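Notes for the one structure printed next.
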Amino acid sequence: DTEVTQTPKHLVMGMTNKKSLKCEQHMGHRAMYWYKQKAKKPPELMFVYSYEKLSINESVPSRFSPECPNSSLLNLHLHALQPEDSALYLCASSQGGQRGLYEQYFGPGTRLTVT
Amino acid sequence: AQSVTQLDSQVPVFEEAPVELRCNYSSSVSVYLFWYVQYPNQGLQLLLKYLSGSTLVKGINGFEAEFNKSQTSFHLRKPSVHISDTAEYFCAVSDWGGATNKLIFGTGTLLAVQP
Numbered sequence: 084d085t086e087v088t089q090t091p092k093h094l095v096m097g098m099t100n101k102k103s104l105k106c107e108q109h110m111g112h113r114a115m116y117w118y119k120q121k122a123k124k125p126p127e128l129m130f131v132y133s134y135e136k137l138s139i140n141e142s143v144p145s146r147f148s149p150e151c152p153n154s155s156l157l158n159l160h161l162h163a164l165q166p167e168d169s170a171l172y173l174c175a176s177s178q179g180g181q182r183g184l185y186e187q188y189f190g191p192g193t194r195l196t197v198t
Numbered sequence: 085a086q087s088v089t090q091l092d093s094q095v096p097v098f099e100e101a102p103v104e105l106r107c108n109y110s111s112s113v114s115v116y117l118f119w120y121v122q123y124p125n126q127g128l129q130l131l132l133k134y135l136s137g138s139t140l141v142k143g144i145n146g147f148e149a150e151f152n153k154s155q156t157s158f159h160l161r162k163p164s165v166h167i168s169d170t171a172e173y174f175c176a177v178s179d180w181g182g183a184t185n186k187l188i189f190g191t192g193t194l195l196a197v198q199p
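Residue numbers (my numbering), protein chains in the order written: chain G, 84 to 198; chain B, 85 to 199.
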């Protein structure tokens with residue numbers, strides 16, 4: 084099973100709301116990723132968790148807050164977002180550790196609209 | 085720093101014709117290369133990968149790619165395309181950050197298959 088699941092599929096939120104995106108994988112992967120993708124652009128890396136510790140933060144604004152409660156789950160907490168944050172948010176996972184040897188598996192994404 | 089170039093933003097092709105999507109990379113270290121496909125409103129799906137060994141790599145859905153170290157290329161090919169192959173295709177190179185693997189994506193190529 085190479086499935087990464089994401090909920091919700093769609094989310095509309097106002098600029099003062101607080102919401103969370105959820106990602107889950109049961110492949111035993113130890114690295115998990117959040118990406119942001121704007122229309123007709125490649126995914127942009129936001130955060131990487133390796134063995135449940137935050138290992139990369141690509142200078143993402145603090146209104147995005149990641150959390151990795153356990154090795155299978157990854158959350159992205161959203162607060163006080165701006166309309167320009169509207170995008171497809173993708174989660175991915177891969178086996179951890181070995182130098183670049185493992186591909187990333189992506190979820191279907193959450194389409195976020197900030198009004 | 086590693087980078088990936090996809091020179092063609094869009095490739096129109098007729099159904100049952102062959103197609104080649106071009107990808108060039110730059111890297112100063114060992115190279116691990118990937119092709120992903122993204123259908124409309126979906127996440128990314130791994131088509132194929134090159135880690136080592138044979139330079140001709142076969143993937144899913146009849147696609148293959150050839151790793152050419154001297155030309156720093158990893159072009160994707162399919163001998164006969166179908167309407168259902170219409171999608172965005174991303175080439176990516178793995179970038180080892182010392183603790184975690186990152187993917188560096190190209191800008192993508194839209195394969196538009198016409199009847």
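Here a beta-carbon is modelled for each residue, glycine too, at the ideal position from N, C-alpha and C.
These numbers come from a predicted model, not from an experiment.
Residue j and residue i - do their beta-carbons sit closer together than 7 Å?
i: ALA171/B; j: PHE158/B; result: no
i: VAL197/G; j: LEU164/G; result: yes
i: THR139/B; j: ASN108/B; result: no
i: THR191/B; j: PRO125/G; result: yes
i: VAL88/B; j: TYR173/B; result: no
i: TYR76/G; j: GLY179/G; result: Nothing can be reported for residue 76/G, as the shown portion of chain G is limited to 84 through 198.
i: SER176/G; j: HIS112/G; result: yes
Quick check: what's the CA-CA separation for residue i versus residue j?
i: LYS136/G; j: LYS123/G; result: 31 Å
i: LEU131/B; j: TYR188/G; result: 11 Å
i: TYR132/G; j: HIS109/G; result: 16 Å
i: SER110/B; j: SER138/G; result: 24 Å
Please go through the same chain and pick out, in chain order, the residues whose beta-carbon is closer than 6 Å to the beta-carbon of residue i, but skip the five residues on each side of it.
i: PHE118/B; result: LYS133 and ALA176
i: ASN185/B; result: SER178
Ordered along the chain, which non-local residues of its own chain (more than five positions away) have a Cβ less than 8 Å from that of residue i?
i: SER164/B; result: GLU100, ALA101, PRO102 and GLY146
Would you list the one or two residues that DSSP bridges to residue i?
i: SER177/G; result: ALA114/G
i: ASN153/G; result: LEU156/G
i: LYS136/G; result: SER133/G
i: ILE188/B; result: VAL177/B
i: VAL97/B; result: VAL197/B
i: SER157/B; result: ASN108/B and ASN152/B
i: SER114/B; result: BP columns for SER114/B are empty, so no partner.
i: GLU127/G; result: LYS119/G
At 7 Å on the CB atoms, spell out the chain G contacts of residue i, in chain order.
i: PHE189/B; result: PRO125 and PRO126
If the cut is a Cβ gap below 7 Å, which residues of chain B does residue i touch?
i: GLU186/G; result: PHE118, LEU130 and LYS133
For a contact meaning CB atoms closer than 8 Å, what does residue i contact in chain B?
i: SER177/G; result: ASN185
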